[in-house]
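Number of protein chains: 2
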Amino acid sequence: MILYKGKGKELRPLIDVQKKLLPDLLEIMQKRYRILQYIRLMQPIGRRTLSGSIGISERILRAEVQFLKEQNLISISSAGMAVTPDGEELLQTLEDVMKEVLGLKDLEMQLKRILPIEDAIVVAGDSDLSPWVKKEMGRACVTCMKERLTNNSIVAVTGGTTLAAVAEMMTADLKQSDVLFVPARGGLGEHVENQANTICAKMAEKAMGNYRLLHVPDYLSNEAYQSLIEETAVKEVLQLIKSSNMVVHGIGDAITMAERRKTSEEEMEKIKDGHAVAEAFGYYFNQEGEVVHKVQTIGIQLEDIKHVGHVIAVAGGASKAKAIKAYMKQAPRSILITDEGAARALVRE
Amino acid sequence: MILYKGKGKELRPLIDVQKKLLPDLLEIMQKRYRILQYIRLMQPIGRRTLSGSIGISERILRAEVQFLKEQNLISISSAGMAVTPDGEELLQTLEDVMKEVLGLKDLEMQLKRILPIEDAIVVAGDSDLSPWVKKEMGRACVTCMKERLTNNSIVAVTGGTTLAAVAEMMTADLKQSDVLFVPARGGLGEHVENQANTICAKMAEKAMGNYRLLHVPDYLSNEAYQSLIEETAVKEVLQLIKSSNMVVHGIGDAITMAERRKTSEEEMEKIKDGHAVAEAFGYYFNQEGEVVHKVQTIGIQLEDIKHVGHVIAVAGGASKAKAIKAYMKQAPRSILITDEGAARALVRE
DNA sequence: CCCTGTGTGACTTATTATGTCCCGCTTGTG
DNA sequence: CACAAGCGGGACATAATAAGTCACACAGGG
């Protein structure tokens, strides 16, 4: 909601001093913040499950949980634990401080320096190693989106597991009304749960917004393609897509994506021969950010992206660093939402 | 050195949040800050003596001291403990935060509202109850002075135990050079250790500055007075006093001051009949801030005060609240340096 | 209907914090 | 020069607290 940017500099000296006067302060704060974060992410959740995924003994988690309950930060029922509004507020207030403390702020600065991006948001963890980090990226993405959405915005979203996480974390917000979600591009050969259509619908529902879908079969002959475009219903949605103010998309590893999708052998050849490393909304890019292949479907085209108000790319995990780097070479002015694992890998080079 | 004013608002939410995530944080920080403060005040000092005056058990103080030593905030020798430069820096950085935490900031704001003063500085404690608070006021006064001193400044100081504390806490500062200290007024009947001359000299020595004294017998006939004024040496100093840029003075309870000084019976009558409650540099004021008596001596006069660049009044202890209030009625634009005890008493009314 | 996951209580053990006493040293003073 | 006051630091018993472990009652979903 509120932008705390730039505030970090002010409170740095205080934190440093506090660290001297109470060295475990950060450690404890971090622990409790982490627990709270996990609970928010997985609520409702039980102690044992949580202690497992968080990696601390159950007994100590229990003490912490009891403490958090006493502070009215979490509520605790027979179904498990959940974060209270107080806890939500605390998490939000502390987000920037923790970023500063964990050095994520530095990472963001470095990313902005080495990549031609407009802004970078880095969340803690590595989604290759911990699946919940994806959700955290999702949350960060939602926050980022809400900061930039205005009334009657049109948001185009793509598919992929990362975007699914974004959809999952989407919440309704009274401030924005009448936001319209549309899938960015037609069928790309994904499985249902990762299709842009599915994610678009889910996101819109969670955001209490409207949505339109693009019902396009995965593989079309050229003739069918041409006639489909002329279809009124399709044409209308395409019109909306072209006039969207925001695009939210993932970035994938080229080979992984190609394998996951129903990619024909000849296309596979093309992708491999072109040394593709990155994939985004149906386009495959080589290390230099050049397009080596493009899945033929309707919807937003690479050139359109440049004219969209806000472009948000969400991708994390150290394994995706190469892909992010390659894609970003040709996509300036994007906002990159990633995780610590990918960010550190990117900075390392 | 650095003015942190206004920064308090920024870090308030962080502190509140930290309080939720680590409720004893403030308690512990306060304890350690207090210990450090005491050590700075009384250095070099031993554990036992300190534990006595600070009011905590020796063993626990010992643990704290060990901790502070490990953090390189105090150095520890056979002579006792002393604050290191690191510790000094920490104390300075934390000063404003602690003020905020202890509510002293609020007191300062309230004082500025109810009194016609330019600024207020409140230190923790009550000098009626704890003698060391006077030293803390002294330190605050010194800081305040240094912030406002420019090169070749002339500072006029009065006598009194409070001003003695200021002199004691004075330190040399490379930034200011060629500061000249002068006594504000001639003999007022004080004992030697509280005389303006004594304090002036002490302060100048500690500040590595220069000083001039005003050798005026306490009681003079009118003729002697007139001839003394014409004396070249005296005339010169008087000239300096009149052109001073800063006046630092105490405020006393009228009766207490009158009794302490060699006050003649008829003067005593005058003071009592006039219902004097406050005293400052030889002037006695009633509740309304009207002058009811004036010790006849040379030096700065009440009217001169109004034309001096910076006027700093130092007075603390709940018992002096009435005096402060009365004096301030006729002395606008002063900077008041006081303690919690006096401030709370002033606000209470 | 059972079975898995939930919170809670109780108990033992390890770790830490605190109180108490004493010792040898430096340092300032008579 | 010598003495004593005050200094830090070591040692140890004990109280307080944190942490590990297990057992139990209960609610909800397949």
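Chains as they are written, first to last, in this note's numbering: chain A, 3 to 351; chain B, 3 to 351. Just so it is clear, CB atoms sit at the ideal spot from N, CA and C, and this is done for glycine as well.
Length of the line joining the Cα atoms of residue i and residue j
i: Lys-244(B); j: Ile-302(B); result: 6 Å
i: Ala-167(A); j: Lys-136(A); result: 6 Å
i: Met-248(B); j: Ala-198(B); result: 15 Å
i: Ala-203(A); j: Glu-97(B); result: 54 Å
i: Ala-328(A); j: Ile-58(A); result: 38 Å
i: Leu-165(A); j: His-193(A); result: 13 Å
i: Leu-104(A); j: Gly-48(A); result: 27 Å
i: Ile-78(B); j: Pro-133(A); result: 51 Å
i: Tyr-6(B); j: Pro-15(A); result: With a pLDDT of only 41 at Tyr-6(B), under 50, the local geometry of the prediction cannot be trusted, and the value read off the model is given with reservation. Rounded to the nearest angstrom, the two C-alpha atoms are 12 Å apart.
i: Ile-231(A); j: Ala-186(A); result: 15 Å
i: Glu-342(B); j: Asp-128(B); result: 6 Å
i: Arg-262(A); j: Ala-320(A); result: 19 Å
i: Arg-64(A); j: Met-171(A); result: 27 Å
i: Val-181(B); j: Met-210(B); result: 8 Å
i: Thr-51(B); j: Lys-33(B); result: 17 Å
i: Lys-177(A); j: Asn-212(A); result: 15 Å
i: Gly-8(A); j: Leu-24(A); result: Bear in mind that the predicted position of Gly-8(A) carries a pLDDT of just 44, short of 50, making it too unreliable to give a figure here.
i: Arg-150(A); j: Ile-37(B); result: 49 Å
i: Gly-89(A); j: Thr-160(B); result: 55 Å
i: Gly-10(A); j: Ala-122(A); result: Low confidence applies to Gly-10(A): its pLDDT is 43, below 50, so where it sits in the model is not reliable, and the reading given next is rough at best. Each residue's Cα considered, the two are about 16 Å apart.
i: Arg-335(B); j: Ile-201(B); result: 24 Å
Where the alpha helix (DSSP H) through residue i begins and ends
i: Asn-199(A); result: 198-208
i: Leu-131(A); result: Note, Leu-131(A): premise wrong, no alpha helix (DSSP H); not H, not E.
i: Val-236(A); result: 234-244
i: Ala-333(B); result: No alpha helix (DSSP H) holds Ala-333(B); DSSP gives it neither H nor E.
i: Glu-29(B); result: 27-44
i: Lys-71(B); result: 60-72
i: Gln-112(B); result: 106-116
i: Ala-172(A); result: The residue asked about is misnamed: residue 172(A) is Met in this sequence, not Ala. Element bounds for Met-172(A): n/a, residue is neither H nor E.
Where residue i falls, given that 16 or more other Cβ within 10 Å makes a residue buried
i: Asp-18(B); result: exposed
i: Ser-179(B); result: exposed
i: Ile-116(B); result: exposed
i: Gln-298(A); result: exposed
i: Val-293(B); result: exposed
i: Arg-61(A); result: exposed
i: Leu-131(B); result: exposed
i: His-309(A); result: exposed
i: Gly-162(A); result: buried
i: Thr-258(B); result: exposed
i: Thr-152(A); result: exposed
Residues bridged to residue i [DSSP beta-bridge criterion]
i: Ile-78(A); result: Met-83(A)
i: Lys-2(A); result: Nothing can be reported for residue 2(A), as the shown portion of chain A is limited to 3 through 351.
i: Val-316(B); result: Gly-252(B), Ile-339(B)
i: Ala-278(A); result: Asn-288(A)
i: Asn-224(A); result: Paired residue(s): none; Asn-224(A) is not in a bridge.
i: Gly-301(A); result: Arg-187(A)
i: Asn-153(B); result: DSSP output for Asn-153(B) lists no bridge partner at all.
i: Ile-47(A); result: Met-83(A)
Residue i: first and last residue of the uninterrupted beta strand (DSSP E) it sits in
i: Ile-156(B); result: 156-159
i: Phe-183(A); result: 182-185
i: Asn-288(A); result: 285-288
i: Gly-252(B); result: 248-252
i: Thr-340(A); result: 337-341
i: Val-125(B); result: 121-125
Sub-8 Å separation of residue i and residue j beta-carbons
i: Gly-311(A); j: Ala-282(A); result: no
i: Glu-271(A); j: Lys-331(A); result: no
i: Ala-142(A); j: Ile-326(A); result: no
i: Met-100(B); j: Tyr-35(B); result: yes
i: Ala-235(B); j: Lys-208(B); result: no
i: Val-124(A); j: Glu-110(A); result: yes
i: Gly-254(B); j: Val-218(B); result: no
i: Lys-107(B); j: Leu-92(A); result: no
i: Val-316(B); j: Val-250(B); result: yes
i: Tyr-286(B); j: Ala-256(B); result: yes
i: Ile-368(B); j: Cys-146(B); result: A query on residue 368(B) cannot be resolved here, the shown segment of chain B reaching from 3 to 351 and no further.
i: Leu-356(A); j: Gly-284(A); result: Any property of residue 356(A) remains undetermined from this structure, which presents chain A solely from 3 to 351.
i: Ile-41(A); j: Val-85(A); result: yes
i: Gly-318(A); j: Ala-344(A); result: yes
i: Val-67(B); j: Met-83(B); result: yes
Distance cut-off 7 Å: residue i Cβ against heavy atoms of the ligand HEM
i: Val-249(A); result: This structure does not include the ligand HEM; it has no bound ligands of any sort.
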